[in-house]
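*Asks:*
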Amino acid sequence: MARRKKIYEGKAKILYEGPEPGTLVQYFKDDATAFNAEKHDVIEGKGVLNNRLSEFFMSGLNAIGVPTHFIKRLNMREQLVRQVEIIPLEVVVRNTAAGSMSKRLGIDEGTPLPRPIVEFYFKDDALGDPLVTEEHIIAFGWASQQDLDDMVALALRVNDFLSGVMMAVGIKLVDFKIEIGRIWDGDFMRLVVADEISPDSCRLWDIKTGQHLDKDVFRRDLGSLTDAYTEVAKRLGVLPTNVTHATKPTLIN
Ligand code: TMP
Numbered sequence: 047m048a049r050r051k052k053i054y055e056g057k058a059k060i061l062y063e064g065p066e067p068g069t070l071v072q073y074f075k076d077d078a079t080a081f082n083a084e085k086h087d088v089i090e091g092k093g094v095l096n097n098r099l100s101e102f103f104m105s106g107l108n109a110i111g112v113p114t115h116f117i118k119r120l121n122m123r124e125q126l127v128r129q130v131e132i133i134p135l136e137v138v139v140r141n142t143a144a145g146s147m148s149k150r151l152g153i154d155e156g157t158p159l160p161r162p163i164v165e166f167y168f169k170d171d172a173l174g175d176p177l178v179t180e181e182h183i184i185a186f187g188w189a190s191q192q193d194l195d196d197m198v199a200l201a202l203r204v205n206d207f208l209s210g211v212m213m214a215v216g217i218k219l220v221d222f223k224i225e226i227g228r229i230w231d232g233d234f235m236r237l238v239v240a241d242e243i244s245p246d247s248c249r250l251w252d253i254k255t256g257q258h259l260d261k262d263v264f265r266r267d268l269g270s271l272t273d274a275y276t277e278v279a280k281r282l283g284v285l286p287t288n289v290t291h292a293t294k295p296t297l298i299n
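Using this note's numbering, you'd call the opening residue of the sequence shown number 47 and step up by one each time.
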């Protein structure tokens, strides 16, 4: 297939023009960055894993009626998505204190929160994606009050779904980030979950051992990122187990 026109290149993904108007092809790179790209590495296989995992989460959300941009996976590294107008906010939902919240408020990592907390960060690399309040969002016109209510409702539905899916495979969903986009249908606008949902954008802790199975492995130099993501994929049944070790058929009694 002829190479498509590149629309946008981010730190971990590239967007190409899609085959039909209103669609894009989302390509998952192997690049990992942290601390606003101060730390960077190429981790072989990460893009393939995140493509599969994001497909798994997004198609699950579509199936329960939570709208997303995801249409279908095309190959190992690419998926077809709806073109959306991204709202310039990172929407973070936290179930357990960790990361920047622990640092900012002096709460020990691992402290359970009394209810899920939704936060908004303004997407601006030059400013380091600062935390913003609903007042800022409305005053600066990034979203309306109605959008905000819809975004919180959407984020909490994603939280319920992801928490349940992860809990079923022995993993605690500590927190995650989503991005939300607008799709226009004439004058009618609706909000959908966009970008990706993967261990790059979630904190996932093994329930029994507390082991980190997400991008903190890279941020904090805790071991192999591919091993961590492969573990998540295997548990979810997204990757067959033991592919590399299967040498001959085994009898099952
Ligand atoms: P934080 O504790 O660093 O604010 O991160 C909260 C969640 O958001 C965590 O699951 C990781 C995710 N996240 C991103 O996906 N992208 C980012 O740039 C940052 C800072 C966090």
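Where is the CB? At the ideal position from N, CA and C, for every residue including glycine.
All values derive from a computational prediction rather than experimental measurement.
The beta strand (DSSP E) spanning Ile53 covers which residue range?
*Replies:* Stepping through the sequence shown from its first residue, residue 53 is reached at position 7. First-last of the beta strand (DSSP E) with Ile53: Lys52 to Glu55.
*Asks:* Given that a residue counts as buried once 16 or more other Cβ atoms are within 10 Å of its Cβ, and exposed if not, what is Gln125?
*Replies:* In the sequence shown, counting from the first residue as 1, residue 125 sits at position 79. Under this definition Gln125 is a buried residue.
*Asks:* From Gly68, Lys57, Leu61 and Met197, pick the residue whose C-alpha is nearest to that of Asp231; which is it?
*Replies:* By 1-based counting over the sequence shown, the position of residue 231 is 185. Among Gly68, Lys57, Leu61 and Met197, the Cα nearest to that of Asp231 belongs to Gly68.
*Asks:* Going by the beta-carbon positions, is the gap between Leu177 and Leu219 smaller than 9 Å?
*Replies:* By 1-based counting over the sequence shown, the position of residue 177 is 131. By 1-based counting over the sequence shown, the position of residue 219 is 173. No, they are not a contact pair.
*Asks:* For the region 167 to 234, list the beta strand (DSSP E) runs that are entirely contained and at least 3 residues long, ordered along the chain.
*Replies:* Complete beta strand (DSSP E) runs here, min 3: 217 to 231.
*Asks:* Taking just the CA atoms, how far does Glu225 sit from Ala172?
*Replies:* One-based indexing of the sequence shown puts residue 172 at position 126. One-based indexing of the sequence shown puts residue 225 at position 179. When rounded, the distance between both Cα atoms is 18 Å.
*Asks:* In chain order, which alpha helix (DSSP H) runs of at least 4 residues are fully inside the region 86 to 138?
*Replies:* 92 to 109, all fully within the region 86 to 138.
*Asks:* Just verifying my parser: in three-state terms, what is the DSSP assignment at Lys280?
*Replies:* Against the sequence shown, residue 280 aligns to sequence position 234. Helix.
*Asks:* Run through DSSP, which three-state label would Asn288 get?
*Replies:* The residue labelled residue 288 in the question sits at position 242 within the sequence shown. Annotation note: pLDDT 48 at Asn288 (below 50); position unreliable, coordinate value reported separately. It is coil, neither helix nor strand.
*Asks:* Have a look at Met197, Gly210, Glu181 and Val112 and flag the residue whose alpha-carbon is nearest the alpha-carbon of Ile133.
*Replies:* Position 87 of the sequence shown, counted from the first residue, corresponds to residue 133. For Ile133, the nearest C-alpha among the options comes from Met197.
*Asks:* Asn205 to Val127, Cα distance in whole Å?
*Replies:* By one-based count along the sequence shown, residue 205 stands at place 159. By one-based count along the sequence shown, residue 127 stands at place 81. Rounded to the nearest angstrom, the two C-alpha atoms are 21 Å apart.
*Asks:* If you follow the beta strand (DSSP E) that Leu61 is part of, which residue opens it and which one closes it?
*Replies:* Sequence index remark: in the sequence shown, residue 61 carries index 15 (1-based). Note, Leu61: beta strand (DSSP E), Lys59 to Glu63.
*Asks:* Do Leu99 and Leu282 have their C-beta atoms within less than 9 Å of each other?
*Replies:* The residue labelled residue 99 in the question sits at position 53 within the sequence shown. The residue labelled residue 282 in the question sits at position 236 within the sequence shown. The answer is yes: Cβ separation under 9 Å.
*Asks:* Just the Cα atoms here: how many angstroms apart are Ile89 and Asp233?
*Replies:* Here residue 89 corresponds to residue number 43 of the sequence shown, with the count starting at 1. Here residue 233 corresponds to residue number 187 of the sequence shown, with the count starting at 1. C-alpha separation (whole angstroms): 43 Å.
*Asks:* Using 8 Å as the cut-off, can you tell me whether the region 151 to 168 makes contact with the region 263 to 277, which would need three or more C-beta pairs spanning the two stretches below that distance?
*Replies:* Not touching, per the Cβ criterion.
*Asks:* Could you give the DSSP three-state label for Thr79: helix, strand or coil?
*Replies:* Counted from its first residue, the sequence shown places residue 79 at position 33. Note: Thr79 maps to strand in three-state DSSP.
*Asks:* Taking the Cβ atom as the reference point for each residue, do Lys254 and Ala80 lie within a distance shorter than 9 Å?
*Replies:* Position 208 of the sequence shown, counted from the start, is the residue given in the question as residue 254. Position 34 of the sequence shown, counted from the start, is the residue given in the question as residue 80. Their beta carbons are not under 9 Å apart, which means Lys254 does not touch Ala80 by this criterion.
*Asks:* Are the CB atoms of Pro93 and Arg123 nearer to each other than 9 Å?
*Replies:* In the sequence shown, residue 93 corresponds to position 47, counting from 1. In the sequence shown, residue 123 corresponds to position 77, counting from 1. Here the sequence assigns Gly to residue 93, which means Pro is not the residue at that position. Closer than 9 Å, so yes.
*Asks:* Could you tell me the distance, in whole angstroms, from the CA atom of Ile184 to the CA atom of Asp170?
*Replies:* Position 138 of the sequence shown, counting from 1, holds the residue named residue 184. Position 124 of the sequence shown, counting from 1, holds the residue named residue 170. For Ile184 and Asp170, the distance between alpha carbons rounds to 17 Å.
*Asks:* Which of the three DSSP states is assigned to Ala274 in this structure?
*Replies:* The residue labelled residue 274 in the question sits at position 228 within the sequence shown. Ala274 falls in the helix class under three-state DSSP.
*Asks:* Leaving out the 5 sequence neighbours to the left and right, which residues in its chain are closer than 8 Å to Asn288 when beta-carbon positions are compared?
*Replies:* If you number the sequence shown from 1, residue 288 lands on position 242. Residue placement at Asn288 cannot be trusted, given a pLDDT of 48 that sits under 50; the coordinates are not used to answer.
*Asks:* Excluding the 5 residues flanking Lys85 on each side, which residues of the same chain have their C-beta closer than 6 Å to its C-beta?
*Replies:* Here the question's residue 85 lines up with position 39 in the sequence shown. Contacts found: none.
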